[in-house]
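> First residue of the sequence shown? That's 2 in this note's numbering, and the numbers climb one at a time after it.
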Amino acid sequence: MDNELKKQKQREASQRYYRNHIESERERCKLKNQKTKQKRNQQGIEYRTKIAKVLGLTYTQFTYQLQLLKKKILQRDEFCVYCGGKAEIVHHELERKDYPELTLTENNMVSSCEECHKLQHEVCLV
Ligand SMILES: [Zn+2]
Ligand SMILES: [Zn+2]
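1) Residues around ligand 1, please: the condition is that the C-beta lies closer than 5 Å to some non-hydrogen atom of it.
2) Under 6 Å from any heavy atom of ligand 2, does the C-beta of HIS22 make it?
3) Work out the CA separation of ALA14 and LYS36 for me, nearest whole Å.
4) Just the Cα atoms here: how many angstroms apart are GLN76 and ASN34?
5) Here's the rule: buried if 16 or more other CB atoms are within 10 angstroms of the residue's CB, otherwise exposed. What is CYS125?
6) If I measure Cβ to Cβ from LYS71 and keep anything under 8 Å in the same chain, skipping five residues before and after, which residues do I get?
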């Protein structure tokens with residue numbers, strides 16, 4: 002009987018330990034994710050500000066025009082130009098980081114599905 006009680010108490014203690022641990026672990030992950038997200042957003046803003054400057058636009062003008070243009074390109078192509086699948090992303094054939102001045106050039110923009118888009122960038126990276 003005493004032994005059972007002891008075991009029960011141990012089980013409870015380890016469950017408590019697990020619960021505390023898992024919660025602090027989750028909290029840690031959440032914070033880490035937030036930080037990476039913030040960092041990524043900041044990088045995105047800096048990057049887009051740089052491109053906007055190249056094009057002689059303000060950040061707001063640039064993001065607005067890019068958004069409009071993306072919609073237009075998706076309507077123009079209708080499907081992924083690589084596989085004919087569902088177009089979700091507008092890809093810059095000459096990459097933005099190498100040709101920022103072509104970021105708002107329609108001829109440089111094509112509709113792509115997510116999978117093909119990944120491939121495009123992998124190809125570019127090799
Ligand atoms: Zn595709
Ligand atoms: Zn792309």
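Even glycine gets a Cβ: it sits at the ideal position worked out from N, Cα and C.
On the basis of the coordinates in this document:
1) CYS81, TYR83, CYS84, GLY86, CYS114, CYS117
2) For the purposes of this step, residue 22 is taken as the residue at position 21 of the sequence shown. No, Cβ of HIS22 sits at least 6 Å from all heavy atoms of ligand 2.
3) By 1-based counting over the sequence shown, the position of residue 36 is 35. By 1-based counting over the sequence shown, the position of residue 14 is 13. Those two C-alpha atoms are separated by around 33 Å.
4) As a working note, residue 76 is residue 75 in the sequence shown. As a working note, residue 34 is residue 33 in the sequence shown. Cα to Cα, the separation comes out at about 34 Å.
5) Within the sequence shown, the letter at position 124 stands for residue 125. Low confidence applies here, because CYS125 scores a pLDDT of 49, under 50, leaving its location unreliable; read the following figure in that light. When all chains shown are included, CYS125 counts as exposed.
6) By 1-based counting over the sequence shown, the position of residue 71 is 70. Only VAL91, MET110 meet the Cβ criterion.
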